[in-house]
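Novice: Right, I'll just put the structure down here and ask away after.
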Amino acid sequence: MSRCLTVLAIALLAGCAIAKPRTDDPLEKYNREAYQFNTAVDKVAVRPVALAYRKVTNPPVRRSFSDFFTNIRMPVTVANDLLQARPKQALQSTARFLVNLTLGIGGFFDPASQLGLPIEDNDFGITLARWGAPEGDFLMLPLLGPTTVRDMWRIPVDSYFFDPLTLFAANHHYNGLQYAPQAMYLVTLRSRAIDAESFLQSAYDPYVFIRDAYRQQRLYKLYDGNPPAALIERMQGLDNPGFDPDELLEQQHDWEKSHPKSGSPH
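Residue 383 in our numbering is what sits at position 203 of the sequence shown, and the numbering runs on without skipping anything.
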């Protein structure tokens, strides 16, 4: 991360104790196998659909669908803001949801941003973290991707109680068509990730890249985009005795030389 980090740790957020992240990976063998499985499924089934979606749509259309799904899932954020005793953020997210739902024609447009209403993304994993639950081991779940023992609970809790897409599918029956919004949401997410594939393909170890990127992204979310520098350094191993960044950079350069086509889309 190139952005500057404040050295001052935010010890408490909304009166909730924040658990420190763990940096070990005791389940690495299993995680790598799950990662290989997910990569194979993505290559065969998910990525081709996302590419087809990008071919039949243009950027404005994709942005509208992305705005719609971001807005329609805003109740997940509002509910977790309330669980974290953050009424100000809950009110802002509620206002944003209602403005985009009405003035934004169902959420396909984003007038809330023009009105200065900030966008926030919250979930039950962050709720557990802010109330002091430890992160636990890193996990690569088949089909679901990277998570941790703590964060994995956001999948059933947010989906079952707060996510309008899941609630719609559970309470309507249209011969399977009730799952179409969820499927379209996943295609939208995968389509957005295509632009970032070159970063993964040029990584010295793609699994480690995803693992560390996920952990850092969650850490930034936990601390509202401003995590303590000490936690970032610990997560990256920069505080380990004998750490040599030049050696790590040399390994990356050697790998890139032996994979000259890795940066090009496949």
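Cβ coordinates follow ideal geometry from the N, Cα and C atoms, glycine included.
Determine the burial state of T328: buried for a count of at least 16 other Cβ atoms within 10 Å of its Cβ, exposed for fewer.
Specialist: Counting from one through the sequence shown, the residue named residue 328 turns up at place 148. So T328 counts as buried.
Novice: How do the stretch 306-324 and the stretch 206-216 stand: do at least 3 beta-carbon pairs fall below 8 Å, yes or no?
Specialist: Verdict: yes, contact present.
Novice: Figure out for me which residue from T368, D392, T282, R391 has the closest Cα to the Cα of R227.
Specialist: In the sequence shown, counting from the first residue as 1, residue 227 sits at position 47. R227 has its Cα closest to that of T368, out of T368, D392, T282, R391.
Novice: Could you tell me which residues DSSP puts in a beta bridge with T327?
Specialist: On the sequence shown, position 147 is the one that residue 327 refers to. L319, per the DSSP bridge assignment.
Novice: Three or more beta-carbon pairs under 8 Å between the stretch 270-278 and the stretch 351-362, yes or no?
Specialist: No contact exists between the stretch 270-278 and the stretch 351-362.
Novice: Please state whether DSSP places E300 in a helix, a strand or coil.
Specialist: As a working note, residue 300 is residue 120 in the sequence shown. Note: E300 maps to coil in three-state DSSP.
Novice: Output the distance between the C-alpha atoms of D261 and P298, rounded to the nearest integer angstrom.
Specialist: Here residue 261 is taken as the residue at index 81 of the sequence shown, counted from 1. Here residue 298 is taken as the residue at index 118 of the sequence shown, counted from 1. Near 14 Å, if we compare the C-alpha coordinates of P298 and D261.
Novice: For the stretch 240-273, list the alpha helix (DSSP H) runs that are entirely contained and at least 4 residues long, ordered along the chain.
Specialist: Runs of the alpha helix (DSSP H) inside the stretch 240-273: 254-263.
Novice: For E287, which residues from the same chain have a beta carbon less than 7 Å from its beta carbon, with the 5 sequence-adjacent residues on both sides left out?
Specialist: Within the sequence shown, the letter at position 107 stands for residue 287. Correcting the residue identity first, residue 287 is Gly in this sequence and not Glu. Counting only Cβ-Cβ distances below 7 Å, and skipping sequence neighbours, we find D247, F248, N251, I252, N280, L281.
Novice: When you compare only the Cα positions, how much space is there between V388 and L283?
Specialist: Numbered from 1 along the sequence shown, position 208 holds the residue referred to as residue 388. Numbered from 1 along the sequence shown, position 103 holds the residue referred to as residue 283. Whole-angstrom Cα-Cα distance: 43 Å.
Novice: Nearest-angstrom Cα distance between N238 and F289?
Specialist: Working through the sequence shown from its first residue, we reach residue 238 at position 58. Working through the sequence shown from its first residue, we reach residue 289 at position 109. Those two C-alpha atoms are separated by around 15 Å.
Novice: Using 8 Å for Cβ pairs, my map puts F217 next to P386. What's the rounded Cβ distance?
Specialist: Position 37 of the sequence shown, counted from the start, is the residue given in the question as residue 217. Position 206 of the sequence shown, counted from the start, is the residue given in the question as residue 386. The pair is not a contact, with the Cβ atoms about 14 Å apart (cut-off 8 Å).
Novice: State the start and end residues of the unbroken alpha helix (DSSP H) segment that holds F448.
Specialist: Shown here, the chain extends from 181 to 446; a query on residue 448 therefore has no answer.
Novice: State the CB to CB distance for the pair I335 and L402, rounded to an integer number of angstroms; the pair is presumed to be in contact (CB under 8 Å).
Specialist: For the purposes of this step, residue 335 is taken as residue 155 along the sequence shown, with counting starting at 1. For the purposes of this step, residue 402 is taken as residue 222 along the sequence shown, with counting starting at 1. Contact flag wrong, Cβ pair sits at about 18 Å.
Novice: Is it right to say I412 is buried, meaning 16 or more other beta carbons lie within 10 angstroms of its own, or is it exposed?
Specialist: Locating residue 412 in the sequence shown gives position 232, counting from the first residue. Burial call: buried.
Novice: Using only the alpha-carbon positions, how far apart do R414 and L207 sit?
Specialist: Numbered from its first residue, the sequence shown carries residue 414 at position 234. Numbered from its first residue, the sequence shown carries residue 207 at position 27. Answer to the nearest angstrom: the Cα atoms are 19 Å apart.
Novice: For L324, count the other beta carbons within 10 Å of its own beta carbon; 16 or more makes it buried, fewer makes it exposed. Which is it?
Specialist: Taking the first residue of the sequence shown as 1, we reach residue 324 at position 144. Looking at its Cβ environment, which holds fewer than 16 other Cβ atoms inside 10 Å, L324 is exposed.
Novice: Taking DSSP as the reference, what is the three-state secondary structure of A376?
Specialist: In the sequence shown, the residue the question calls residue 376 occupies position 196. Reduced to three states, the DSSP call for A376 is coil.
Novice: Mind checking whether D343 and V258 have CB atoms under 8 Å apart?
Specialist: The residue labelled residue 343 in the question sits at position 163 within the sequence shown. The residue labelled residue 258 in the question sits at position 78 within the sequence shown. Against a cut-off of 8 Å, the Cβ pair of V258 and D343 comes out as no contact.
Novice: With burial defined as no fewer than 16 other Cβ atoms inside 10 Å of the residue's Cβ, what is the status of P240: buried or exposed?
Specialist: Taking the sequence shown and counting its residues from 1, one reaches residue 240 at position 60. Exposed, because fewer than 16 other Cβ atoms sit within 10 Å of the Cβ of P240.
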